[in-house]
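>
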Amino acid sequence: MDLFAEGDSRSKTERLGELEARAKECQACGLAKTRNRVVFGVGNPEAPLVLIGEGPGQNEDATGMPFVGKSGVLLDECLREQGITRKHIYICNVIRCRACVYQSGRLQNRPPTQEEVKACQPWLEQTLQIMQPAVILCLGSPSANAIIHRNFRMTSERGIWYESKYARFAMASWHPAYILRLEGEAYETARRELVRDIEEARKKVIQAKKEPQKTTLF
């Protein structure tokens with residue numbers, strides 16, 4: 089069945105559920121051989137705000153849920169400071185399977201290859217096509233490269249709003265895993281910036297509701 093057929097009366101939840109079921113059978117790249125679970129996404133399919141990271145790690149691969157473990161705890165804390173929980177938004181990643189390599193007798197996380205990102209791109213694009221979000225907050229430069237523009241520079245472009253074919257408003261902020269690698273004032277500064285960027289995303293959602301999109305995206 090065409091997920092986007094004109095006149096399809098199914099809800100976004102139903103269409104996204106069907107897409108997730110298909111994704112769980114994906115064999116488009118070599119990550120299918122090492123994954124435990126496809127980490128599709130979590131949250132409210134009707135949400136106007138979508139947060140997108142790079143890809144699942146060990147904890148996510150074990151649970152099938154994005155942003156769990158220490159990075160998930162930090163993200164949830166920052167969201168709560170703006171009165172947001174996961175039921176208010178949708179969270180997913182650029183790739184849906186853990187990118188890893190065997191080192192010292194065990195699997196270690198690694199950045200996904202361009203081929204892996206390309207293989208997974210249809211799942212991300214179809215997710216966003218179903219949801220039609222008003223606002224996307226990219227967490228980290230890999231997500232910004234996929235959503236905003238190639239060669240995105242976090243140090244100079246973080247916190248700037250862009251137009252995207254995937255949403256009316258798109259911006260990038262620090263990935264929680266990056267913040268956790270910092271110490272002292274650097275950690276505190278990056279954490280405050282993530283909270284502030286979440287606040288700005290919340291304000292953009294309010295703005296978008298006052299100025300509804302007249303045409304669908306893509």
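In our numbering, the protein residues as written are 89 to 306.
Just so it is clear, CB atoms sit at the ideal spot from N, CA and C, and this is done for glycine as well.
Is it buried or exposed for K297, if we count other Cβ within 10 angstroms and need 16 for buried?
Its Cβ having fewer than 16 others within 10 Å, K297 is exposed.
> Mind pulling the beta strand (DSSP E) runs of 3 or more residues that sit fully within the stretch 202 to 286?
With a minimum length of 3 residues, the continuous beta strand (DSSP E) runs that stay inside the stretch 202 to 286 are 223 to 227, 250 to 252 and 255 to 261.
> Hey, how far is the Cα of N233 from the Cα of D164?
Cα to Cα, N233 sits roughly 24 Å from D164.
> Do V182 and A289 come within 8 Å of each other at the CB atom, strictly closer than that value?
It is not a contact, given that the beta carbons lie outside the stated cut-off.
> With DSSP run on the structure shown, which of helix, strand or coil describes G193?
DSSP places G193 in coil when its eight states are reduced to three.
> Using CA coordinates, which residue listed in L225, R256 and T215 is at the minimum distance from A109?
Cα-wise, what sits closest to A109 is T215.
> One question on the structure: do G129 and Y178 come within less than 8 Å of each other, judged by their Cβ atoms?
Cβ atoms of G129 and Y178: closer than 8 Å.
> Give a yes or no on contact between the stretch 113 to 131 and the stretch 186 to 205, applying the rule of three or more CB pairs nearer than 8 Å.
In short, these stretches touch, since the Cβ pair count reaches three.
> What is the rounded straight-line gap between the Cα of C166 and the Cα of A111?
Going from the Cα of C166 to the Cα of A111 covers about 29 Å.
> Do I235 and R258 have their beta-carbon atoms positioned less than 8 Å apart in this structure?
This sequence places Ala at residue 258; Arg is not what is there. Their beta carbons are under 8 Å apart, which means A258 touches I235 by this criterion.
> From Y275 to S97, what distance separates their C-alpha atoms?
Cα to Cα, Y275 sits roughly 47 Å from S97.
> So the alpha helix (DSSP H) L162 belongs to, where does it begin and stop?
It spans G157 to R168 - the alpha helix (DSSP H) in which L162 sits, taken as one unbroken run.
> Run through the DSSP bridge pairs and tell me what L104 is partnered with.
Partner(s): none; L104 has no beta bridge.
> Could you name the residues of the same chain whose beta carbon sits closer than 6 Å to that of L295, not counting the 5 residues immediately before and after it, in chain order?
Correcting the residue type first, residue 295 is Gln in the shown sequence and not Leu. The answer is none, since no qualifying residue turns up.
> State the Cα-Cα distance for the pair A135 and G157, rounded to the nearest angstrom.
When rounded, the distance between both Cα atoms is 23 Å.
> So N147 is in the alpha helix (DSSP H); what residue range does that whole segment cover?
Start and end: Q146 to T151.
> Got a sec: is the Cβ-Cβ distance from S97 to anything in chain B below 8 Å?
Among the chains of the structure shown, chain B does not appear; only one protein chain is present.
> Work out the CA separation of N147 and P210 for me, nearest whole Å.
Cα-Cα distance, rounded: 24 Å.
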